[in-house]
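K.L.:
Below is a structure I'd like to ask you about.
In our numbering, the protein residues as written are 6 to 141.
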């Protein structure tokens, strides 16, 4: 099953010819700040399977909790968080699942939670997901 998604205004769209190889929640401070939320829900796909199909996203580089570079891609028009390229995960694209089409944002089975040491107290652990205190 392939994946596709877009930003809120529709100016940027993307697709992956591969299904997610990993579904994960990330509680790192970078993800909390980038989204203005308690964590991010992510679908990880091989970089070779991913392409931007419409528009040109902007990006912003940060140094994440891992101490390595995180490149965050977003729509310059509406500000939607789209995907990330993380030095700690070479060869992978980390799609923010909220932008996925056709119900794919519902990850159904989250395989992993990263940076659980930063999980906010209002968020319970996801049943069945491997819990990792840090990452990278």
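Positions of the beta carbon are idealized from the N, C-alpha and C atoms, including for glycine.
#1: What are the boundary residues of the alpha helix (DSSP H) that includes residue 40?
#2: Would you check if there are 3 or more beta carbon pairs closer than 8 Å linking the segment 100-120 to the segment 26-36?
#3: Quick check: residue 57 and residue 17, are their CB atoms within less than 8 Å of each other?
#4: Are there 16 or more other CB atoms within 10 angstroms of the CB of residue 66, so buried, or fewer, so exposed?
#5: By Cβ distance below 8 Å, which residues in the same chain neighbour residue 105 in space, the five residues on each side in sequence not counted?
#6: Closest by CA to residue 137, which one among 20, 32 and 51?
#7: Tell me whether the beta-carbon of residue 99 lies closer than 8 Å to the beta-carbon of residue 89.
#8: Which of the three DSSP states, helix, strand or coil, is assigned to residue 54?
#9: Whose C-alpha, out of 60, 78 and 15, is nearest the C-alpha of residue 36?
#10: Output the distance between the C-alpha atoms of residue 20 and residue 129, rounded to the nearest integer angstrom.
#11: Excluding sequence positions up to five away, which residues of its chain have a Cβ less than 6 Å from the Cβ of residue 124?
#12: Considering only their Cβ atoms, is the gap separating residue 87 from residue 74 smaller than 8 Å?
P.N.:
Working from what's here:
#1: Unbroken alpha helix (DSSP H) run through residue 40: 34-40.
#2: Inter-segment contact for the segment 100-120 and the segment 26-36 is present: three or more beta-carbon pairs are separated by less than 8 Å.
#3: Yes, Cβ-Cβ distance for residue 57 and residue 17 is below 8 Å.
#4: Label assigned to residue 66: exposed.
#5: So the qualifying residues of the chain are 8, 9, 10 and 48.
#6: The shortest Cα separation from residue 137 among 20, 32 and 51 belongs to 32.
#7: Yes, the pair counts as a contact, with Cβ atoms nearer than the cut-off.
#8: Three-state result, residue 54: helix.
#9: The candidate whose alpha carbon is nearest that of residue 36 is 78.
#10: Rounded to the nearest angstrom, the two C-alpha atoms are 31 Å apart.
#11: Cβ within range, chain order: 32.
#12: At the C-beta level, residue 74 and residue 87 stay beyond 8 Å of one another.
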